[in-house]
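Taking it in order: structure first as structure tokens, then the write-up.
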Amino acid sequence: MHPHEAAPGGSLVVVIAMLAAVAVYVGPAVANRRQRPWPAYRSVLWSAGIACLGIAAAPGLTGQVTSFVGHTVDHILVGMLAPLLIALSAPVTLALRTLDPVPARRISRLLGRRAVRFVTHPITALVLYAGGMWALYTTDIFRSMHENTLLAALVHVHFFFAGYLFTAAVAAVDPTPHRHRHAYRAVVLAAALAAHGILAKFLFAHPPAGVSGSSAEAGSMLMYYAGDAIDAVLIVVVCGQWFRATRPRAAATPRRPLIRFPQPSDR
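Numbering-wise (full-length UniProt numbering), the sequence shown opens with residue 1 and increments by one.
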């Protein structure tokens, strides 16, 4: 791998972008706390997710351009941990609660569009998430991204959004046009766990081009165990939702959904 020189002031730009992203979320949450209180832990989750992206983006901070282990750290931060934290912070729900009616309705209509429904489907999200990882490490993309800054940026953008779409589809914390059962989402999650685990073992035995055997072993082991730890959190989230949905409880008025997506029976 060939190291890239960090651009002057790159770290400052990253810090400013992080602070702006945190302010965009925390600002409305605090401003509307009297009318509709927003859980503080969700703001913490959002801020932690943004911090993960900032750490990965900071020039040279994880050594991502000089070692496979550093690249793996980026992979975990950008493609797994940051998407999990940000998805659990429920940004769409916060936007619908705090925005004026007109932009909130625009978001609702956007979420109901056919293209959005397609990419947010659990199966589609799984293919983008797991398929993207396998394509990166089993083709020339991995080698090329370390020689092309733009390609490296595109790979990281794909990793984040694919990871977010997958996590959001499985965790279903925000409003979603898909009403899949917990068992369905659990099966999709299990498939992702298998794909990620097999990939880590594959890289352990078959290092990517330009990566030494010892570096590949260390990186793949980190990918395997750190990935399992993050996936365990997602498992707890899905199982917790499943338990709450099936346990006996006293009759109560069901909560009104923030968005009612059109169903086939409505047409």
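C-beta atoms are modelled at their ideal positions from N, C-alpha and C, and glycine is treated no differently. Predicted model only: the values in this text are computed from it and were never measured.
Query, Result
"The stretch 144–163 contacting the stretch 93–109, beta-carbon criterion three pairs below 8 Å", "no"
"CA-to-CA distance, Ala82 to Tyr41, given in whole angstroms", "15 Å"
"Nearest-angstrom Cα separation, counted from Ala229 out to Ser47", "20 Å"
"Outcome for residue 303 when other beta-carbon atoms lying within 10 angstroms are tallied against a minimum of 16", "One cannot answer for residue 303 here, as it falls past the ends of the chain, which runs 1 to 267."
"Sufficient close CB pairs (3 or more, under 8 Å) joining the stretch 114–131 to the stretch 68–77", "no"
"Enclosing alpha helix (DSSP H) for Leu203 [first to last residue]", "His182 to Ala205"
"DSSP three-state assignment for Val238, whether helix, strand or coil", "helix"
"Residue closest to Leu126, alpha-carbon to alpha-carbon, out of Ala171, Cys52, Arg244 and Leu53", "Ala171"
"Other residues of its chain near Glu5: CB distance less than 7 Å, five sequence neighbours each side excluded", "At Glu5 the pLDDT is 47, less than 50, meaning the model places this residue with poor confidence and gives no usable figure here."
"Gly210 (DSSP reduced to helix, strand or coil)", "coil"
"From Pro101, Leu222 and Ile86, residue whose alpha carbon lies closest to that of Phe160", "Ile86"
"Selection from Pro39, Ser43 and Arg36 that minimises the alpha carbon distance to Val22", "Ser43"
"Boundaries (first-last residue) of the alpha helix (DSSP H) holding Ser108", "Pro101 to Gly112"
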